[in-house]
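Notes follow the structure.
Protein chains: 2
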Amino acid sequence: MTIFTGLSAFPITPADAEGRVDADALSRLLERLCAAGVDSIGLLGSTGGYAYLSREERGRAVSAAAEAVAGRVPLIAGVGALRTDTAMALAREAEKAGADGLLLAPMSYTPLTDEEVHEHFRAVAAATSLPLCIYNNPGTTHFRFGLPLLQRLADLPGVEGVKMPLPAGTALAEDLAALRAGLPEGFAVGYSGDWGCTEALLAGADAWFSVAGGLWPGPTLELARAAQAGDRDGTARIEAAFMPLWELFKEFGSLRVVHAAANLMDLTQARPPRPILPLTGADLDRVAAALARVEAVA
Amino acid sequence: MTIFTGLSAFPITPADAEGRVDADALSRLLERLCAAGVDSIGLLGSTGGYAYLSREERGRAVSAAAEAVAGRVPLIAGVGALRTDTAMALAREAEKAGADGLLLAPMSYTPLTDEEVHEHFRAVAAATSLPLCIYNNPGTTHFRFGLPLLQRLADLPGVEGVKMPLPAGTALAEDLAALRAGLPEGFAVGYSGDWGCTEALLAGADAWFSVAGGLWPGPTLELARAAQAGDRDGTARIEAAFMPLWELFKEFGSLRVVHAAANLMDLTQARPPRPILPLTGADLDRVAAALARVEAVA
């Protein structure tokens, strides 16, 4: 059974203006996730700002996280990088630091071909003995996976799942059915894009890779369990409290919103990596209102 | 008079599999550019693989280039980075190493807002006394500049020009006229995308930021001078020899093609930064044929 199933919670990685990770604040965030009992932790995902942190700081974050989590919840570490050799080194360092699995996005500058992405994944998957999840996020990587490439990647040793974006112009159930039909039995198919993920779980997806879960693990877990149980009415009732948050995620990007929320909740004093600017003024007031709604679920 | 005018030649940055710059091979490439008399050198542009090199190696490349060029041609250094503080440090280091100007692309992972890009450019432009050219390349950065933002950036001290992509769905002369009408007198407007750049020069653009110019400076300069003189027939006659090369640039991306060509010409033994794969087999034969056509111009 792969670790890439259930509610995977993606916290921010609190850091200062120079990109130095605040290990204490990170540990506080992770303690909340372990206490709530999420199914896995997605450290150094897009929300975790992996693309903006040095290799050294990423290593420090994994070490601090492994110590804080202490085996209570599987720890998945993002190891994406523009260079293949860097991604391989990050994978080795994450394994050594105590990660239980890897998440790999095909970061790009020069647009990549399918063959290049295949070779990149092959090399990184072979660099450690950890299971690897394909991170399909065209909104940030600008690479689009077709099913034929996913099939080739799913055949690589160690590649056990995929984190899909919400489909555009296709119903989620249809998107999932096409993936299931094309991918091996037991290969985990999960989704990210919090506002569409209860629909994904209701349709039978294996995982919800959740930004909200990284900051509000209790309410998000309640929502995920209702959806996993197929309780459409219960899901809708709980999700009503998340709607203002989903709107903010869509409007500002979840990274900006959860940084603001974590500070409002006095859990961190973090700012997003510059050039990304913190939310202020009326936008911040909307975050405060949305988080009050979510916290009322618990 | 700004340095961001005329034929700006963008060489590759020869490097080994680990991303260590081959300073000797780089110097050989730059000597050809100086001997041919290009109007400027665009070091560490997209073709120069800046996004894939460490800060240290980028510093080494600028130092080696400044030594090789020895003041004969203005040296423009790409200082793009995902983090603002990194881009500022790169700008300072490029100035110290002897660059005459900076080229800044808004690299992105999390999609950036206009305000974020403005603040990023403001900070980097203020970090040194060097003139700065805006690098507008949505194909790699995935950020789209509108005219209002370009206008705000053109007002920043030190920002003297823009490197535009070829317009999609608009005639080049129309695109240029709209920019001229909206931007300050004396602000340099140039284009990249070699296959459309003679049209840009014929329409009166200030600069052609050229990949071909980085490897075949003589023929490219001949082509640029014909276009700058408004000699449409002469331009077409010379450009016929470049057509197979333009086709390869569009099909494979210029980075892959010029790496292959520089090796075929025995100027380098470089490979593109992995995950980018070198061209092989029949593709390489087509590069050999295309470069023979271009070399016959001289």
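Chains as they are written, first to last, in UniProt numbering: chain D, 1 to 298; chain Y, 1 to 298. All residues carry an ideal CB built from backbone N, CA and C; glycine is no exception.
- Inclusion of S27/Y and A64/Y in the CB contact set at 8 angstroms is warranted, their separation being smaller than that value.
- Distance from S40/D to P74/D at the Cβ level is roughly 4 angstroms; contact confirmed, criterion being Cβ atoms closer than 8 angstroms.
- In this structure, the straight-line span from the alpha carbon of T235/Y to that of G190/Y is close to 18 angstroms.
- Contact with chain D is found for L112/Y, since one of that chain's Cβ atoms lies less than 8 angstroms from the residue's Cβ.
- Rounded to the nearest whole angstrom, the C-alpha separation of V21/D and A81/Y is 19 angstroms.
- In this structure, the beta-carbon distance from G139/Y to A9/Y does not fall below 8 angstroms.
- Residues of chain Y whose Cβ lies closer than 8 angstroms to the Cβ of T170/D do not exist, since the nearest Cβ in that chain is about 22 angstroms away.
- Note that the segment 251-270 of chain D does not touch the segment 27-37 of chain Y; fewer than 3 beta-carbon pairs, one per stretch, sit closer than 8 angstroms.
- The segment 244-251 of chain D and the segment 277-294 of chain D touch, with three or more beta-carbon pairs separated by less than 8 angstroms.
- Taking the Cα positions, V79/D is about 20 angstroms away from R152/D.
- Nearest CB-CB separation between H120/Y and chain D: below the 8 angstroms threshold.
- Taking CB atoms only, R58/D has no neighbour in chain Y less than 8 angstroms away.
- Put simply, the CB of I76/D is far from chain Y, with every gap to its CB atoms at 8 angstroms or more.
- N137/D places its beta carbon less than 8 angstroms from that of S46/D.
- Identification of chain D residues near A126/Y by a Cβ-Cβ cut-off of 7 angstroms yields none; the smallest Cβ-Cβ distance measures about 14 angstroms.
- Spatial neighbours of A261/D in its own chain (CB-CB distance under 7 angstroms, excluding positions within 5 residues in sequence) are listed in chain order as L215, V287 and L291.
- Under DSSP, G6/Y forms a beta bridge with A207/Y.
- When G218/D, G169/D and F249/D are compared, the shortest CA-CA separation from L30/D is found for G218/D.
- V38/D sits in coil when the DSSP states are folded into three classes, being neither helix nor strand.
- Three or more pairs of CB atoms, one per stretch, sit closer than 8 angstroms, so the segment 152-166 of chain D contacts the segment 113-127 of chain D.
- Residue pairing of M164/D in beta bridges, as defined by DSSP: Y191/D.
- Listed along the chain, the chain D residues whose CB falls inside 7 angstroms of the CB of V69/Y amount to none; the nearest CB is some 25 angstroms away.
- Residue contact with chain D for S46/Y: present (Cβ-Cβ distance below 8 angstroms to some residue of chain D).
- With respect to I3/Y, D100/Y sits close: the two C-beta atoms are nearer than 8 angstroms.
- Annotation: E95/Y has no Cβ neighbours in chain D at a cutoff of 7 angstroms; minimum Cβ distance is about 21 angstroms.
- In summary, the residues of the segment 15-29 of chain D whose CB is separated from some CB of chain Y by less than 8 angstroms are A17, E18 and G19, in the order they occur in the chain.
- L183/D sits in coil when the DSSP states are folded into three classes, being neither helix nor strand.
- Close partners of A262/D in chain Y (Cβ separation under 7 angstroms) are lacking, with about 16 angstroms as the shortest Cβ gap.
- If you check the CB distance, A224/Y and L201/Y come in under 8 angstroms.
- The residue among T13/Y, T5/Y and G6/Y with its C-alpha nearest the C-alpha of Q269/Y is T13/Y.
- With fewer than 16 other Cβ atoms from the protein chains shown falling within 10 Å of its own Cβ, A168/Y counts as exposed.
- For L75/D, the enclosing beta strand (DSSP E) starts and ends at L75 to G78.
- Your pair L44/Y and A17/Y does not check out as a contact, with CB atoms roughly 19 angstroms apart and the cut at 8 angstroms.
- P184/Y sits exposed, since fewer than 16 C-beta atoms from the chains shown fall within 10 Å of its C-beta.
- Among the residues of chain Y, those whose CB is under 8 angstroms from the CB of H142/D are H142, following chain order.
- It is roughly 10 angstroms from the alpha-carbon of P273/D to the alpha-carbon of H259/D.
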